[in-house]
Amino acid sequence: NAGVMQNPRHLVRRRGQEARLRCSPMKGHSHVYWYRQLPEEGLKFMVYLQKENIIDESGMPKERFSAEFPKEGPSILRIQQVVRGDSAAYFCASSPPGQTLAKNIQYFGAGTRLSVL
Amino acid sequence: RKEVEQDPGPFNVPEGATVAFNCTYSNSASQSFFWYRQDCRKEPKLLMSVYSSGNEDGRFTAQLNRASQYISLLIRDSKLSDSATYLCAVNGMNSGGYQKVTFGTGTKLQVIP
Numbered sequence: 055n056a057g058v059m060q061n062p063r064h065l066v067r068r069r070g071q072e073a074r075l076r077c078s079p080m081k082g083h084s085h086v087y088w089y090r091q092l093p094e095e096g097l098k099f100m101v102y103l104q105k106e107n108i109i110d111e112s113g114m115p116k117e118r119f120s121a122e123f124p125k126e127g128p129s130i131l132r133i134q135q136v137v138r139g140d141s142a143a144y145f146c147a148s149s150p151p152g153q154t155l156a157k158n159i160q161y162f163g164a165g166t167r168l169s170v171l
Numbered sequence: 006r007k008e009v010e011q012d013p014g015p016f017n018v019p020e021g022a023t024v025a026f027n028c029t030y031s032n033s034a035s036q037s038f039f040w041y042r043q044d045c046r047k048e049p050k051l052l053m054s055v056y057s058s059g060n061e062d063g064r065f066t067a068q069l070n071r072a073s074q075y076i077s078l079l080i081r082d083s084k085l086s087d088s089a090t091y092l093c094a095v096n097g098m099n100s101g102g103y104q105k106v107t108f109g110t111g112t113k114l115q116v117i118p
């Protein structure tokens, strides 16, 4: 049973380009979460998605960032017109459906490290 | 006040020492609590869940104090391999009625030979 798969592991973009980060959840998991981590800082929640639905995007910047989790295929975090401040590690986590509030365990992918030149 | 707060450290301790970290949370309705371990430039990995009055797993003990709204992680007989950042995570309901896990910024532990 493969874990949460993220690709690419490293992504280099020039200012103004677009970045697309992909996340395939663990088999059987239908909940996906995206987090951003700046160097020497903690995990910042960005967005929580279920298949074809954005559940909570309270942590997403209002502009340039979008996320989707289509019926088929991986979840995509898209950053348009990247700026140097977008350089960070972006982690995806997944959890299975039906977890109670007391047992909402998230499993993390290895992350994508975005560098904006 | 931050939803989840941790002392960033670093905690520098000698091998064999006992070390404890605390994590405070602001939402009294929080339901579940976790400790994750994150190695440098790696993803967080679940270390322990803390469901009620606490639990123990080998050298690691996690405690929950609901009255004071904090959780703790105790590591006994520290090993060099315990060097990492320890993140606490708190699960509760957000204003939209959905579960939301909030992470602390982590406490860095360095075990010294």
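Read top to bottom, the protein sequences are chains A and B.
So for the first sequence, my numbering puts the first residue at 55; every next one is plus one.
So for the second sequence, my numbering puts the first residue at 6; every next one is plus one.
Backbone N, C-alpha and C fix where the C-beta goes; we use that ideal spot for every residue, glycine too.
Asked                                                                                                              : Found
For residue 98(A), the first and last residue of its enclosing beta strand (DSSP E)                                : 97-104
Interface residues of chain B facing residue 99(A) [CB-CB closer than 9 Å]                                         : 105, 106, 107, 108
DSSP-derived helix/strand/coil call for residue 42(B)                                                              : strand
Residue 3(B), buried or exposed, once every other Cβ within 10 Å from all chains shown has been counted against 16 : The structure shown does not extend to residue 3(B), since chain B is modelled only from 6 to 118, so the question has no answer here.
Nearest-angstrom beta carbon gap, residue 25(B) and residue 78(B) [assumed within contact, 8 Å]                    : 7 Å
Cα-Cα separation between residue 110(A) and residue 103(A), rounded to whole angstroms                             : 7 Å
Per-residue DSSP class, three states only, for residue 64(B)                                                       : coil
Residue-chain proximity (residue 158(A), chain B), Cβ-Cβ < 8 Å                                                     : yes
Any chain A beta carbon closer than 8 Å to residue 58(B)                                                           : no
Between the CA atoms of residue 37(B) and residue 152(A) - distance to the nearest angstrom                        : 15 Å
Any 3 or more C-beta pairs closer than 8 Å across the segment 70-89 of chain B and the segment 121-138 of chain A  : no
Option nearest residue 83(A) by Cα separation, candidates 168(A), 129(A), 145(A)                                   : 129(A)
Residue 84(B) versus residue 47(B): straight-line alpha-carbon distance, rounded                                   : 19 Å
Integer-rounded CB distance, given that residue 167(A) should sit under 8 Å from residue 64(A)                     : 5 Å
CB of residue 89(A) within 8 Å of CB of residue 100(A), strictly                                                   : yes
Coarse secondary structure for residue 86(B), derived from DSSP in three states                                    : helix
Of the listed residues 161(A), 171(A), 57(A), 76(A), nearest to residue 141(A) (C-alpha basis)                     : 171(A)
Per-residue burial, residue 133(A) [other beta carbons within 10 Å of its own, 16 or more giving buried]           : buried
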